[in-house]
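Enquirer:
There are 4 protein chains.
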Amino acid sequence: MIPRYSRPEMVAIWSPETKFRIWFEIEAHATTALADLGVVPKDAADKVWEKGSAATFDVERIDAIEREVKHDVIAFLTHLAEIVGPEARFVHQGMTSSDVLDTTFNVQLVRASDLLLKDIDDLLAALKRRAFEHKLTPTIGRSHGIHAEPTTFGLKLAQAYAEFERCKLRLIEAQREVATCAISGAVGTFANIDPRVEEYVAEKMGLSVEPVSTQVIPRDRHAMYFATLAVIASSIERLATEIRHLQRSEVLEAEEYFSAGQKGSSAMPHKRNPVLTENLTGLARMVRAYAMPAMENVALWHERDISHSSVERMIGPDSTVTLDFALARLTSVVDKLVVYPENMQKNLDRLGGLVHSQRVLLALTQRGASREDAYRLVQRNAMPVWRGEGDFLTLLKNDADVTKYLSPAEIEACFDLGYHYKHVDTIFTRVFGATKA
Amino acid sequence: MIPRYSRPEMVAIWSPETKFRIWFEIEAHATTALADLGVVPKDAADKVWEKGSAATFDVERIDAIEREVKHDVIAFLTHLAEIVGPEARFVHQGMTSSDVLDTTFNVQLVRASDLLLKDIDDLLAALKRRAFEHKLTPTIGRSHGIHAEPTTFGLKLAQAYAEFERCKLRLIEAQREVATCAISGAVGTFANIDPRVEEYVAEKMGLSVEPVSTQVIPRDRHAMYFATLAVIASSIERLATEIRHLQRSEVLEAEEYFSAGQKGSSAMPHKRNPVLTENLTGLARMVRAYAMPAMENVALWHERDISHSSVERMIGPDSTVTLDFALARLTSVVDKLVVYPENMQKNLDRLGGLVHSQRVLLALTQRGASREDAYRLVQRNAMPVWRGEGDFLTLLKNDADVTKYLSPAEIEACFDLGYHYKHVDTIFTRVFGATKA
Amino acid sequence: MIPRYSRPEMVAIWSPETKFRIWFEIEAHATTALADLGVVPKDAADKVWEKGSAATFDVERIDAIEREVKHDVIAFLTHLAEIVGPEARFVHQGMTSSDVLDTTFNVQLVRASDLLLKDIDDLLAALKRRAFEHKLTPTIGRSHGIHAEPTTFGLKLAQAYAEFERCKLRLIEAQREVATCAISGAVGTFANIDPRVEEYVAEKMGLSVEPVSTQVIPRDRHAMYFATLAVIASSIERLATEIRHLQRSEVLEAEEYFSAGQKGSSAMPHKRNPVLTENLTGLARMVRAYAMPAMENVALWHERDISHSSVERMIGPDSTVTLDFALARLTSVVDKLVVYPENMQKNLDRLGGLVHSQRVLLALTQRGASREDAYRLVQRNAMPVWRGEGDFLTLLKNDADVTKYLSPAEIEACFDLGYHYKHVDTIFTRVFGATKA
Amino acid sequence: MIPRYSRPEMVAIWSPETKFRIWFEIEAHATTALADLGVVPKDAADKVWEKGSAATFDVERIDAIEREVKHDVIAFLTHLAEIVGPEARFVHQGMTSSDVLDTTFNVQLVRASDLLLKDIDDLLAALKRRAFEHKLTPTIGRSHGIHAEPTTFGLKLAQAYAEFERCKLRLIEAQREVATCAISGAVGTFANIDPRVEEYVAEKMGLSVEPVSTQVIPRDRHAMYFATLAVIASSIERLATEIRHLQRSEVLEAEEYFSAGQKGSSAMPHKRNPVLTENLTGLARMVRAYAMPAMENVALWHERDISHSSVERMIGPDSTVTLDFALARLTSVVDKLVVYPENMQKNLDRLGGLVHSQRVLLALTQRGASREDAYRLVQRNAMPVWRGEGDFLTLLKNDADVTKYLSPAEIEACFDLGYHYKHVDTIFTRVFGATKA
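Protein chains in written order, with the working numbering: chain A, 52 to 488; chain B, 52 to 488; chain C, 52 to 488; chain D, 52 to 488.
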């Protein structure tokens with residue numbers, strides 16, 4: 052997480068201020084629950100809420116105490132006692148530090164997910180708009196980087212839409228996975244605290260109860276969470292790679308928006324580099340990398356060890372902040388992408404009609420040619436075209452072995468671009484539920 | 052995937068025989084659908100089914116053809132034509148190789164998932180049985196490898212049960228993700244094939260339709276799948292690590308089953324090494340590693356490149372076969388785990404009662420001691436115990452500053468082990484839905 | 052490791068036959084050393100060599116014994132006793148299984164490295180030959196996929212040569228790292244065996260002595276080894292990616308060799324897909340992935356646990372066999388690469404001279420224009436070219452603000468392609484030590 | 052990189068101030084070289100040095116310019132012109148941004164390596180001191196977490212010393228790999244700049260010349276660098292894991308230093324948790340993870356794309372700062388580790404003499420028992436000991452089948468602990484070059 056690739060709203064989730072505020076809420080809710088159960092005085096709980104809600108927690112003061120006691124939660128509670136007064140001794144009764152820390156981490160991840168879901172929604176909206184805009188913009192489909200058959204630019208974007216819609220569903224599921232609360236004590240047995248406190252706090256914090264914890268919330272939940280972010284990052288990389296390809300000098304079917312004052316290169320003023328999508332490719336690598344330590348965090352020793360903590364202090368912010376930034380950047384790129392339909396058409400026409408070869412092949416077999424014969428006939432007319440010696444349509448019409456099966460008109464019909472787009476509506480309906488925006 | 056860590060049923064899913072059988076089914080179903088649409092003769096479709104269903108595909112023959120034509124699907128279709136006769140020319144009409152290959156891969160992953168789900172069910176059954184068996188077997192809970200508070204061995208297993216139940220749900224979801232079928236042609240536009248063929252084949256193969264494909268089924272689905280297997284592997288590692296710890300010479304609370312004829316070490320006959328769970332730790336590393344290339348596979352170029360293929364030829368079998376083996380091995384370890392409750396009790400008693408310190412701390416604060424005072428009082432009596440100079444209970448009773456707050460009986464009550472287990476039923480109900488097996 | 056991506060010589064290193072032969076050699080050398088030290092009878096050592104050298108170890112028999120005793124080295128020693136007779140009891144005296152297993156693994160890695168080094172030498176030879184062939188073949192250099200300045204195709208290959216020469220040096224170093232032998236007993240103290248036995252066996256097996264082992268050879272050596280293979284794989288990916296780009300329909304500056312009988316696609320006969328380099332991209336992902344578990348293997352518990360073993364049974368063969376295959380495939384691709392200098396020239400001319408813009412910029416500043424002015428002058432003439440409205444040279448000559456600084460001849464001189472190649476010899480000398488092949 | 056896990060000296064290497072200072076030095080040296088070659092006026096070069104050396108670069112000002120021109124190097128050069136005046140137009144002549152950026156990154160990595168090498172030296176010194184201190188402190192060696200044979204605590208540390216000495220050599224090599232300079236222009240052809248400028252700057256900056264660059268310095272160098280850091284991190288994890296094991300309640304052979312004011316747990320005052328080494332385990336996971344994106348950075352497109360940049364902005368600081376912190380923390384842990392030789396002895400005696408079983412086994416075979424018989428005899432006496440029914444020595448002496456081969460004195464001799472340490476000096480000499488500190 053570095054400022055260059057960060058957005059303030061997500062960064063704020065990981066600030067000490069936010070963290071201490073969540074700590075306070077958890078502690079205060081727990082105190083209320085304990086008061087409801089008659090374990091601590093009702094007045095004390097009220098006092099905690101009253102004083103704590105009004106207070107601004109002093110991060111530097113807490114840090115100073117932590118340097119002395121070398122324990123972050125004790126430091127916070129000490130500071131809280133400075134604010135609340137003697138009633139503070141009823142706070143944290145029967146709880147263990149991890150009850151606060153783990154539940155807080157999950158609250159942060161849930162909030163981060165809310166932002167990320169909004170990011171994906173924005174991206175989906177941009178993709179949808181551009182997909183409908185270019186629903187029937189002809190472009191060549193490429194497999195292996197080689198021209199294959201015509202598709203439309205809208206279909207490319209529809210694919211991306213469907214992919215990010217899957218990402219959204221995965222993230223909702225991953226968010227649900229980490230939306231748990233544990234207030235279960237030193238080894239998760241509720242020895243010193245009633246399970247009803249956990250239930251109360253969970254509900255108040257918008258979480259569900261962790262069915263069985265062991266001081267810590269089990270880290271398979273978080274492994275799944277960060278793995279999900281890694282998959283989403285991989286989908287970002289896919290779309291970014293597509294755009295980088297389209298912006299290549301020789302292809303130039305689309306370009307990232309290039310602002311007026313922007314200088315592309317200190318030396319080559321004509322250059323417009325797809326630096327945003329290249330950047331996204333790099334950011335995707337990072338978010339993907341963070342999944343590995345999250346998975347290694349699962350196998351904690353016995354009821355817990357604290358090896359996960361340093362990892363999470365890093366990947367918690369790094370992963371969510373970077374993904375938030377990347378999604379927003381991708382949305383902006385899609386939104387403002389400069390599309391060149393004329394270049395798409397030019398590239399489509401580039402190979403002298405060879406993109407229609409499969410259709411010719413099919414027509415031949417439908418008229419009775421064996422697959423092998425049809426293949427041979429298509430191949431022998433395709434090769435000269437490939438070498439720049441003639442166009443495919445003319446050559447086919449002049450090949451007597453071909454015209455045995457197909458009339459000139461039938462051959463020409465194979466070169467009708469519209470033929471390829473007859474099912475675009477079907478696909479758009481599948482993806483967007485409608486054929487119109 | 053090596054024989055030593057493989058089970059035949061999973062291996063069979065990845066055999067050439069199985070693969071070609073699935074290819075045949077997809078091709079034959081597609082031919083039937085084409086016949087229903089009037090594109091190819093009904094008789095031809097029947098003939099394909101009749102001859103193909105009866106035939107055994109000759110793997111060596113197909114391989115020989117592939118060496119010549121350097122294309123696996125063409126090789127198969129050529130062999131199929133040898134079996135079916137001239138009607139074979141109606142097979143694969145308007146389809147592209149990836150239609151067959153990608154759908155087949157998904158069928159294999161779906162079947163592999165069925166086996167893995169059965170594996171998890173077996174593991175869950177073993178965990179549940181042992182959890183109830185040891186529901187109230189006292190054992191020390193450890194955080195940081197250090198004695199914390201009492202828990203029960205059943206609770207440890209209940210935690211594992213809850214974790215693998217989550218794994219099961221994740222796998223069901225991951226299976227659903229890859230259970231799609233694409234018969235959409237060279238760039239996914241259905242230019243040469245009716246989308247209804249895809250719908251027909253999907254239904255017959257137990258899959259859903261891929262909403263928008265681009266010659267290939269998008270690889271974010273598979274990235275999510277293999278990431279999910281990686282998370283499951285991490286949970287295996289967690290339980291394996293727990294058992295390895297329990298079998299340590301100094302702990303010896305449980306041991307892997309040791310068969311009569313087995314030799315532990317060529318040189319140290321008394322040694323019983325937790326080799327199965329150590330092995331599982333290694334296997335988990337492998338399954339985890341396979342997730343990375345699966346994620347790198349997502350960003351294929353344009354409508355497809357074939358870089359994913361070599362990866363999937365390896366991780367398809369390697370990941371599922373290894374995880375299948377690991378789950379089965381873990382189930383066997385859990386099922387036959389030799390548990391030593393007497394050693395658990397011995398370890399629990401090892402620290403002269405210090406495990407009850409938190410309870411004493413709490414009792415002191417509840418009687419009005421400040422947190423700081425309580426902490427100090429507990430600490431000054433705990434330290435001699437730690438140094439082996441006395442037992443905690445006696446020291447506390449003799450500390451006048453303690454007895455100002457707590458009577459001897461009240462101090463003794465803090466040492467009641469049962470106190471820690473009062474909510475075991477609550478947790479078991481949460482996890483298993485019942486307090487009894 | 053699957054047959055499709057394997058070559059027999061590397062596979063043979065990992066066969067049971069090879070493994071048992073190495074086991075035998077280690078055991079027999081150790082017996083000789085023990086005999087030299089007077090610990091076991093000289094005759095026994097001779098008998099072991101005589102019988103063992105003549106014998107073919109029966110893999111199935113050893114496996115059958117292992118299934119019974121569940122210990123691979125004991126199984127082998129039992130079989131060896133069947134071959135050697137009673138003198139076999141002097142074999143393995145004071146040794147532990149890992150002495151044999153770990154040293155064997157290292158012997159296999161050393162041999163695998165020898166093959167890999169030969170692979171790299173072959174690749175270097177092919178790169179060098181093609182680099183000199185195309186030392187001055189003009190081609191456009193691209194940054195961000197956008198045309199930048201002219202380079203030569205030979206320079207591209209020289210870069211690859213330099214990169215793989217670094218890979219070679221790294222592999223030599225990695226091989227040296229794993230070329231160690233440990234015969235040090237159960238915890239590495241030589242309690243039951245003289246260190247001179249280790250020294251003797253090490254020398255005979257072409258290894259150096261592991262200075263301090265702990266039953267096992269420390270796994271940081273292997274982590275470094277597999278990490279090095281991963282880096283080499285990444286360099287393979289780089290060159291493969293370059294070729295994939297060059298073969299794109301719109302670029303088509305080079306193509307993988309396409310054999311006469313080969314069919315590119317079942318449906319699009321004109322297609323020549325860069326499937327070999329795409330395949331290499333995938334294989335690189337796999338070799339890279341194997342580095343992670345190798346690193347996780349380092350932190351074995353205490354003097355050893357066996358979690359590394361399953362990992363190494365997989366990545367030992369998988370990583371070396373895959374890399375061997377990939378290097379050989381890449382060599383073949385480079386060796387037979389079809390290069391299209393005319394297309395390179397065509398692409399170079401594609402942007403109407405804009406690639407010379409930096410030179411114009413420089414010439415302007417050298418004649419006294421401020422950087423900002425020069426930039427503005429270049430930019431305003433470049434933009435029309437970019438939009439297809441004229442060529443750069445003509446526009447510059449017609450721009451009075453430009454001709455204030457540069458004469459028409461001076462402007463033209465900026466468009467001299469040869470200018471860019473004046474230091475090619477310098478670079479070739481740096482890389483190949485010579486300017487001629 | 053977060054403050055909690057950072058040390059100021061390493062953080063400073065990655066500050067904007069340091070970065071701009073290195074940029075300045077590279078630009079100024081290049082200007083001097085250009086002046087020496089007569090390309091720019093000597094006075095201009097002197098002015099640049101004079102003004103630039105005296106100036107403090109204004110990070111906020113540069114950032115403000117960058118926000119406008121969206122190019123970091125142009126922003127810096129603009130600011131430099133503000134400081135230097137009109138002579139600044141001679142700066143950066145014929146160079147491209149990457150010449151500055153890539154060379155700077157390498158300078159930072161070289162400096163970071165110097166710090167890391169110093170860290171390793173400190174660690175080695177601590178390990179050596181403690182190794183000699185405990186050269187003959189008896190402790191049980193464990194394989195699989197199970198007692199094996201006696202070793203010494205000094206040998207454990209000697210192993211760690213040898214491992215980190217290897218790490219040092221690897222880091223020196225990795226540092227050498229990235230210590231290169233490129234001043235070669237837009238695609239690395241030196242079209243607009245003389246290679247002698249590169250040579251001059253390289254020498255002045257303490258780097259070697261990159262033999263062939265392509266606008267960028269090839270990223271296989273950096274992949275190797277970060278992979279090396281990842282291996283070092285894995286070795287940190289190994290030693291950290293050893294210490295965590297030793298501090299377990301049941302083992303307690305060593306403890307992390309526990310400062311007077313430190314509170315271990317808010318609730319369990321007797322707990323001394325190995326939080327530092329647990330933390331190191333987590334940090335190792337992070338440094339390991341950073342190697343993956345570094346490897347993915349290798350395959351840049353053509354002569355360069357900028358996808359590596361975001362990755363390196365993160366892992367450059369994150370990886371070196373984290374490793375620096377981890378090495379220093381580990382050194383402190385080793386330096387102040389509280390060792391309990393009495394507990395080591397207690398654990399050694401724990402298994403009633405079973406640790407001597409291999410020696411008995413060997414003695415029996417040396418007296419003529421077959422391996423199988425010896426194994427059986429040892430096993431039948433070991434099993435009762437294992438069950439707590441007697442001690443091994445007594446049982447062996449009372450076993451007539453044993454005493455057929457060995458006299459009571461000979462059996463007793465097998466239980467001599469000193470026997471295991473006779474080669475400690477050999478190993479220390481191998482590792483430290485001496486038997487005394």
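Positions of the beta carbon are idealized from the N, C-alpha and C atoms, including for glycine.
1) State the start and end residues of the unbroken beta strand (DSSP E) segment that holds residue 198(D).
2) Is residue 239(C) helix, strand or coil when you go by DSSP?
3) By Cβ distance below 6 Å, which residues in the same chain neighbour residue 320(B) in space, the five residues on each side in sequence not counted?
4) Are there 16 or more other CB atoms within 10 angstroms of the CB of residue 467(D), so buried, or fewer, so exposed?
5) Looking only at its chain, what residues have a beta carbon closer than 8 Å to the beta carbon of residue 136(B), apart from the 5 residues adjacent to it on each side?
6) Anything in the stretch 273 to 295 of chain B with a Cβ closer than 7 Å to a Cβ of chain A? List those residues in chain order, please.
7) Just how far apart, CA to CA, sit residue 378(D) and residue 167(D)?
8) Could you check the C-alpha separation between residue 381(C) and residue 331(C) for me, to the nearest Å?
9) Which same chain residues, not among the five before or five after residue 472(D), have their C-beta less than 7 Å away from its C-beta?
10) Note down, in chain order, all residues in the stretch 319 to 345 of chain D with a beta-carbon under 7 Å from any beta-carbon belonging to chain A.
11) Under three-state DSSP, which class holds residue 192(B)?
12) How far does the alpha helix (DSSP H) with residue 183(D) in it extend, from its first residue to its last?
13) Taking only the alpha-carbon atoms, compute the straight-line gap between residue 317(B) and residue 124(C) and give it to the nearest angstrom.
14) Determine the burial state of residue 295(B): buried for a count of at least 16 other Cβ atoms within 10 Å of its Cβ, exposed for fewer.
15) My guess is that residue 157(A) and residue 222(A) are in contact by the Cβ rule of under 8 Å, so how many angstroms apart are they, rounded?
16) For the stretch 120 to 137 of chain A, enumerate the residues whose C-beta is nearer than 7 Å to any C-beta of chain B, in chain order.
17) Counting only beta-carbon separations shorter than 8 Å, does residue 115(D) have a partner in chain B?
18) Give me, in chain order, the residues of the same chain whose beta-carbon lies closer than 6 Å to that of residue 346(D); leave out the 5 immediate sequence neighbours on both sides.
19) Give me the Cα-Cα distance between residue 425(D) and residue 261(A), rounded to the nearest whole angstrom.
20) Using a Cβ-Cβ cutoff of 9 Å, what residues of the stretch 185 to 204 of chain A are near chain C? List them in chain order.
21) Any idea if residue 323(A) is buried or exposed, counting beta-carbon neighbours within 10 angstroms, 16 or more meaning buried?
22) Given residue 444(D), which residues of its chain have a CB within under 6 Å of its CB, disregarding the five upstream and five downstream residues?
23) Thinking C-alpha only, which one of 339(D), 128(D), 231(D) is nearest residue 153(D)?
24) In angstroms, rounded to a whole number, what distance separates the CA positions of residue 73(B) and residue 105(B)?
25) Compare the Cα-Cα distances from residue 229(A) to each of 214(A), 243(A), 256(A) and report the closest residue.
Expert: On the basis of the data shown:
1) One-based indexing of the fourth sequence puts residue 198(D) at position 147. First-last of the beta strand (DSSP E) with residue 198(D): 197 to 203.
2) What you label residue 239(C) is simply residue 188 of the third sequence in a count that begins at 1. Three-state DSSP puts residue 239(C) in coil, outside helix and strand.
3) Against the second sequence, residue 320(B) aligns to sequence position 269. Since pLDDT at residue 320(B) reaches only 49, below the 50 mark, its modelled position is unreliable, and the value read off the structure follows with that caveat. Result list for residue 320(B): empty, nothing under 6 Å.
4) For this step, residue 467(D) is matched to residue 416 along the fourth sequence. Under this definition residue 467(D) is an exposed residue.
5) Counting from 1 along the second sequence, the entry for residue 136(B) is found at position 85. Cβ neighbours of residue 136(B) beyond the five flanking positions: 98, 102.
6) 274, 275, 278, 281, 282, 285, 286, 288, 289, 292, 293
7) In the fourth sequence, counting from the first residue as 1, residue 378(D) sits at position 327. In the fourth sequence, counting from the first residue as 1, residue 167(D) sits at position 116. If I take the Cα positions, the gap works out to 8 Å.
8) Taking the third sequence and counting its residues from 1, the one referred to as residue 381(C) is at position 330. Taking the third sequence and counting its residues from 1, the one referred to as residue 331(C) is at position 280. Taking the straight line from one Cα to the other gives about 8 Å.
9) The residue given as residue 472(D) occupies position 421 in the fourth sequence. 187, 203.
10) 319, 326, 329, 330, 332, 333, 334, 336, 337, 340, 341, 343, 344
11) On the second sequence, residue 192(B) is found 141 positions in, with the first residue counted as 1. Residue state, collapsed to three classes: strand.
12) Here residue 183(D) corresponds to residue number 132 of the fourth sequence, with the count starting at 1. Where residue 183(D) is concerned, the enclosing alpha helix (DSSP H) stretches over 148 to 184.
13) Against the second sequence, residue 317(B) aligns to sequence position 266. Against the third sequence, residue 124(C) aligns to sequence position 73. Model confidence at residue 317(B) stands at a pLDDT of 40, short of 50, so the residue's coordinates are unreliable and nothing is read from them.
14) For the purposes of this step, residue 295(B) is taken as the residue at position 244 of the second sequence. Residue 295(B) comes out buried.
15) In the first sequence, the residue the question calls residue 157(A) occupies position 106. In the first sequence, the residue the question calls residue 222(A) occupies position 171. Not a contact, Cβ separation roughly 15 Å.
16) none
17) Locating residue 115(D) in the fourth sequence gives position 64, counting from the first residue. No, no contact with chain B.
18) Numbered from 1 along the fourth sequence, position 295 holds the residue referred to as residue 346(D). Same-chain partners within the cutoff: 274.
19) The residue you call residue 425(D) lines up with position 374 of the fourth sequence. The residue you call residue 261(A) lines up with position 210 of the first sequence. Rounded to whole angstroms, residue 425(D) to residue 261(A) spans 54 Å at the Cα level.
20) 191, 193, 194, 195, 196, 197, 198, 199, 200
21) The count along the first sequence starts at 1 and reaches residue 323(A) at position 272. Residue 323(A) should be labelled buried.
22) The residue given as residue 444(D) occupies position 393 in the fourth sequence. Here the set comprises 404, 466.
23) Counting from one through the fourth sequence, the residue named residue 153(D) turns up at place 102. That would be 231(D), whose Cα lies nearest to the Cα of residue 153(D).
24) Counting from 1 along the second sequence, the entry for residue 73(B) is found at position 22. Counting from 1 along the second sequence, the entry for residue 105(B) is found at position 54. If you take the alpha carbons of residue 73(B) and residue 105(B), they lie about 14 Å apart.
25) As a first step, residue 229(A) is located in the first sequence; it is residue number 178 there, counting from the start. It is 256(A) whose Cα lies nearest to the Cα of residue 229(A).
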